[in-house]
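Working notes for the structure below.
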Amino acid sequence: MKATVNLLRKQGQLKEAYFLAQKQMNDYPEELNHKNDMLWVYYDFAKEQVRQLNYENVWKIMKQLCELDVADNQMFNDSFNWQLVKLISKTQNDSQGQPQLLMVLKACYKMLQKQVASQSKSVLIKSIIRQLK
Numbered sequence: 034m035k036a037t038v039n040l041l042r043k044q045g046q047l048k049e050a051y052f053l054a055q056k057q058m059n060d061y062p063e064e065l066n067h068k069n070d071m072l073w074v075y076y077d078f079a080k081e082q083v084r085q086l087n088y089e090n091v092w093k094i095m096k097q098l099c100e101l102d103v104a105d106n107q108m109f110n111d112s113f114n115w116q117l118v119k120l121i122s123k124t125q126n127d128s129q130g131q132p133q134l135l136m137v138l139k140a141c142y143k144m145l146q147k148q149v150a151s152q153s154k155s156v157l158i159k160s161i162i163r164q165l166k
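Using my numbering, read the sequence shown as starting at 34 and increasing by one per residue.
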């Protein structure tokens, strides 16, 4: 059976999924499915980094997402926004993480500008405002 990006992701082989998605995007840059595969690999990486409160890696992932221009994938945006809400809520009681969170929030602003209105976007914006008070 041929390994696919989604199969590798579901098996927890994120590095392998990333390299396969990257190769597919390089070989077929016009193919939207390969871009979407890469988005979900980044989502899985981000989910793990949020769990570990690794702000710098979340920021790096967001920079990559900005380059991919994810504005047209509402399902992905909603899922990723909820991860960011989770990161912000975990940081509320972590004074050491606050400066690092600001770096993530700056990258978040770029992503949010291009997104259409949604519940996840609204909740994320409210979370950001509460965090900055």
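Backbone N, C-alpha and C fix where the C-beta goes; we use that ideal spot for every residue, glycine too.
Check your understanding: What are the start and end residues of the alpha helix (DSSP H) that includes alanine 50?
Key -> 47-60
Check your understanding: Between which two residues does the alpha helix (DSSP H) carrying leucine 72 extend?
Key -> 65-84
Practice item. Indicate whether the contact test is met: 3 or more Cβ pairs, each with one atom in the stretch 90-106 and one in the stretch 133-152, closer than 8 Å. Key: yes
**Study point:** Among Lys80, Asn66 and Asn59, nearest to glycine 45 - alpha-carbon criterion
**Key:** Lys80
Exercise for review: Tell whether a beta-carbon distance below 8 Å holds between methionine 144 and tryptophan 92.
Suggested key: no
Point to revise | Span of the alpha helix (DSSP H) around tyrosine 118 | key: Contrary to the premise, residue 118 reads as valine rather than tyrosine in this sequence. That run of the alpha helix (DSSP H) goes 107-124.
Exercise for review: Check whether the stretch 113-125 touches the stretch 152-163, taking contact to mean three or more Cβ pairs, one atom from each stretch, closer than 8 Å.
Suggested key: yes
Check your understanding: From what residue to what residue does the alpha helix (DSSP H) around alanine 140 run?
Key -> 131-147
Exercise for review: Give me the Cα-Cα distance between cysteine 141 and glutamine 133, rounded to the nearest whole angstrom.
Suggested key: 13 Å
Point to revise | Of the residues Tyr75, Gln85 and Met108, the one placed nearest methionine 95, counting alpha carbons only | key: Tyr75
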